[in-house]
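Numbered by the UniProt record's numbering, the letters in the sequence shown go through residues 1 to 363 in order.
Every residue, glycine too, gets a C-beta built ideally from N, C-alpha and C.
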Amino acid sequence: MRKDTERQESPADAARFDYRRPVLRARAPLRISFAGGGTDVAPFPQREGGAVLSATISSYCYSTLRPRTDGRITVQSLDYGTSIGFGVDEDVEYDGQLDLPKAAIARIREVDGALPVTGFDLFLHTNAPPGSGLGSSSAVMVSVIGLVAQHCGLDLTPYDVAELAYRLEREDLGIPGGSQDQYAAAFGGFNFIEFLKDQVVVNPLRVRDATVHELEHNMLLAFTGRTRVSDHIIEDQVSRYETGNVDALEGLRAQKELAEQMKVALVRGEVDTLGRLLGQAWSEKRKMSSRITTPLIDEAINRSLDLGALGGKVTGAGGGGHLIFVCEFERRHVVAEELLRLGLTVSEFTFSKEGVVTWRAQG
1 MRKDTERQES
11 PADAARFDYR
21 RPVLRARAPL
31 RISFAGGGTD
41 VAPFPQREGG
51 AVLSATISSY
61 CYSTLRPRTD
71 GRITVQSLDY
81 GTSIGFGVDE
91 DVEYDGQLDL
101 PKAAIARIRE
111 VDGALPVTGF
121 DLFLHTNAPP
131 GSGLGSSSAV
141 MVSVIGLVAQ
151 HCGLDLTPYD
161 VAELAYRLER
171 EDLGIPGGSQ
181 DQYAAAFGGF
191 NFIEFLKDQV
201 VVNPLRVRDA
211 TVHELEHNML
221 LAFTGRTRVS
231 DHIIEDQVSR
241 YETGNVDALE
251 GLRAQKELAE
261 QMKVALVRGE
271 VDTLGRLLGQ
281 AWSEKRKMSS
291 RITTPLIDEA
301 INRSLDLGAL
311 GGKVTGAGGG
321 GHLIFVCEFE
331 RRHVVAEELL
341 RLGLTVSEFT
351 FSKEGVVTWR
361 AQG
């Protein structure tokens with residue numbers, strides 16, 4: 001009897017599983033954002049054009065799809081400790097319970113050319129909690145879209161996946177935010193992403209292996225222990241921009257310029273320059289909304305700079321989540337010790353070159 005590691009089968013389960021179709025798996029990477037965050041949030045890109053420099057890391061949203069024969073769809077999330085179920089022909093209800101995967105399933109099963117859905121079990125797990133500042137919610141959406149699309153026989157490009165994920169999150173579900181996370185998760189790697197009036201252009205960067213190794217050698221990722229509700233921060237940022245707040249305007253426009261400068265430093269392999277520009281990006285980001293920083297974030301960044309960090313900033317909307325630092329390597333351990341003393345969880349990380357991938361399970 002074939003088994004998935006996610007669950008133990010009972011005889012009743014075995015009768016429901018469709019062994020004629022393969023068990024499918026997918027993963028989509030999380031990301032860190034160096035500069036430009038906020039310029040991907042409407043209406044800024046439509047009016048002025050936005051730009052973000054980001055890179056995906058070796059932390060992922062994982063999903064598994066197991067076909068069923070009884071016309072039922074179930075979704076189980078290890079992160080939320082909850083599960084839902086509905087029939088393949090039933091309308092889904094957006095009630096705050098696993099709305100992201102529900103929206104993806106509902107949209108894909110209606111796409112022209114999609115194979116009929118006979119039902120399946122969907123199991124989800126992410127390496128970081130929602131609100132971590134690493135784009136985990138969008139990685140979930142991208143992972144599920146890639147998986148369900150393959151199950152339904154659809155051949156979607158990374159642009160198709162990212163655009164669909166963006167529309168589902170921002171339009172179908174009405175979640176405030178930008179579009180950098182969906183494109184980062186779909187494409188993977190180091191990218192300079194331009195957000196224009198009518199389109200998004202992903203420019204993959206050819207970063208030398210030595211530069212990637214040096215970044216991994218010199219950078220730290222630190223979790224504040226607090227996940228943030230980014231919609232309030234984003235709404236405040238948008239409101240300040242639309243009302244012409246000088247600080248918000250300066251901060252957003254500087255983010256765009258710094259993303260360009262950091263891209264140049266990155267492809268040239270100038271890690272120290274990148275680190276110092278990271279600090280400038282944080283100074284400008286703080287102007288965009290008073291809710292972006294907290295006393296803990298300010299203390300962590302200021303103390304790190306005193307102890308040898310070249311630059312540091314939050315890597316999401318702010319208010320919590322993760323911070324990233326570029327350090328002088330000989331001082332990185334000192335910075336890490338101070339962050340631990342302040343109560344943050346510190347980790348090293350590696351970069352990921354791949355975007356969303358799907359495959360057939362073995363066995």
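Look at the alpha carbon of I297 and the alpha carbon of T224, and state the distance between them as a whole number of angstroms. For the purposes of this step, residue 297 is identified with residue 297 of the sequence shown, where counting begins at 1. For the purposes of this step, residue 224 is identified with residue 224 of the sequence shown, where counting begins at 1. Straight across, the Cα-Cα distance linking I297 with T224 is about 8 Å.
Among all the DSSP beta bridges, which residues are the ones paired with P67? Within the sequence shown, residue 67 is the residue found at index 67, counting from 1. The partner list for P67 (beta bridge, DSSP) reads F120.
Any chance the segment 278 to 287 sits against the segment 256 to 263, with 3 or more Cβ pairs inside 8 Å? Touching, yes.
For I57, list the residues DSSP reports as bridge partners. Position 57 of the sequence shown holds residue 57. DSSP links I57 through a beta bridge to L30, F351.
Round the Cβ separation of S143 and R27 to the nearest angstrom and send it over; I've been treating them as touching at under 8 Å. Taking the first residue of the sequence shown as 1, we reach residue 143 at position 143. Taking the first residue of the sequence shown as 1, we reach residue 27 at position 27. Indeed, because the Cβ distance is near 6 Å, the residues count as touching under 8 Å.
Give the straight-line distance between the Cα atoms of R16 and V117, rounded to the nearest whole angstrom. As a working mapping, residue 16 is identified with position 16 in the sequence shown. As a working mapping, residue 117 is identified with position 117 in the sequence shown. Each residue's alpha carbon lies about 14 Å from the other.
State the beta-bridge partners of G85 as determined by DSSP. By 1-based counting over the sequence shown, the position of residue 85 is 85. G85 pairs with T74.
So, is N218 buried or exposed, given that buried needs 16 or more other C-beta atoms within 10 angstroms? Along the sequence shown, one-based indexing puts residue 218 at 218. Counting the other Cβ atoms within 10 Å of the Cβ of N218 gives 16 or more, which makes it buried.
Who are the near neighbours of S10 in its chain, counting only those whose CB is closer than 6 Å to its CB and skipping five residues on each side? Reading the sequence shown from its first residue, position 10 is the one you call residue 10. No answer about S10 holds up, because its pLDDT of 47 lies below 50 and its placement is not dependable.
Go ahead and pull the three-state DSSP assignment for V356. Along the sequence shown, one-based indexing puts residue 356 at 356. Note: V356 maps to coil in three-state DSSP.
At the level of alpha carbons, what is the spacing between D155 and R360? Position 155 of the sequence shown, counted from the first residue, corresponds to residue 155. Position 360 of the sequence shown, counted from the first residue, corresponds to residue 360. Whole-angstrom Cα-Cα distance: 15 Å.
DSSP on N245, reduced to helix/strand/coil? Against the sequence shown, residue 245 aligns to sequence position 245. Coil.
Could you check what DSSP says for R25 in three-state terms: helix, strand or coil? In the sequence shown, the residue the question calls residue 25 occupies position 25. Reduced to three states, the DSSP call for R25 is strand.
Per-residue burial, D209 [other beta carbons within 10 Å of its own, 16 or more giving buried]: The residue labelled residue 209 in the question sits at position 209 within the sequence shown. With fewer than 16 Cβ atoms within 10 Å of its Cβ, D209 is classed as exposed.
In the DSSP assignment, find the beta strand (DSSP E) that holds A128 and state where it starts and stops. Counted from its first residue, the sequence shown places residue 128 at position 128. Looking at the DSSP string, A128 is not in any beta strand (DSSP E), and its letter there is neither H nor E.
Assuming G308 contacts E337 (C-beta within less than 8 Å), just tell me the rounded distance between them. As a first step, residue 308 is located in the sequence shown; it is residue number 308 there, counting from the start. As a first step, residue 337 is located in the sequence shown; it is residue number 337 there, counting from the start. Wrong, their Cβ atoms sit about 11 Å apart, outside the cutoff.
So, at 6 Å on beta carbons, what are the nonlocal neighbours of E214 in its own chain, with the 5 sequence-adjacent residues on each side left out? To locate residue 214, count along the sequence shown from 1; it is residue 214. Answer for E214: V271, listed in chain order.
Are G153 and L115 closer than 8 Å when you measure CB to CB? If you number the sequence shown from 1, residue 153 lands on position 153. If you number the sequence shown from 1, residue 115 lands on position 115. Yes; because the gap between Cβ atoms is below 8 Å, this pair is in contact.
I believe L274 touches P45 by the beta-carbon criterion, under 8 Å. Please report the beta-carbon distance rounded to the nearest angstrom. Counting from 1 along the sequence shown, the entry for residue 274 is found at position 274. Counting from 1 along the sequence shown, the entry for residue 45 is found at position 45. That pair is no contact at about 24 Å.
Could you check how far apart the C-beta atoms of C61 and T126 are, in whole angstroms? I think they sit under 8 Å. Along the sequence shown, read from residue 1 onward, the residue named residue 61 stands at position 61. Along the sequence shown, read from residue 1 onward, the residue named residue 126 stands at position 126. Cβ-Cβ separation between C61 and T126: approximately 4 Å, consistent with a contact (criterion under 8 Å).
Output the boundary residues of the beta strand (DSSP E) element that contains V200. As a working note, residue 200 is residue 200 in the sequence shown. Here the beta strand (DSSP E) through V200 covers 200 to 204.
Chain-order list of residues whose beta-carbon lies under 7 Å from that of S138 (same chain, five-residue window excluded): For the purposes of this step, residue 138 is identified with residue 138 of the sequence shown, where counting begins at 1. Correct list, in chain order: A165, E169, D181, Q182, A185.
Using DSSP's beta-bridge definition, name the partner residues of E194. Looking up residue 194 in the sequence shown gives position 194. According to DSSP, which records beta bridges pairwise, E194 is partnered with A51, V201.
Here's the rule: buried if 16 or more other CB atoms are within 10 angstroms of the residue's CB, otherwise exposed. What is V161? Numbered from its first residue, the sequence shown carries residue 161 at position 161. Residue environment analysis places V161 among the buried positions, since at least 16 neighbouring C-beta atoms fall within 10 angstroms of its C-beta.
Just the C-alpha distance for V201 and T39, rounded to the nearest angstrom, thanks. For the purposes of this step, residue 201 is identified with residue 201 of the sequence shown, where counting begins at 1. For the purposes of this step, residue 39 is identified with residue 39 of the sequence shown, where counting begins at 1. Rounded to the nearest angstrom, the two C-alpha atoms are 14 Å apart.
If we require 3 or more residues per run, which beta strand (DSSP E) segments fall completely within the UniProt domain "GHMP kinase C-terminal" (262 to 339)? Segments of the beta strand (DSSP E) lying fully in the UniProt domain "GHMP kinase C-terminal" (262 to 339): 309 to 314, 322 to 327.
Given P29 as reference, the closest of S352, T358, R226 once Cα atoms are compared: Locating residue 29 in the sequence shown gives position 29, where the first residue counts as 1. Of S352, T358, R226, the residue nearest in Cα terms is S352.
Look up residue 364 in the DSSP assignment and say whether it is helix, strand or coil. Any answer about residue 364 is impossible in this case: the structure gives the chain only from 1 up to 363.
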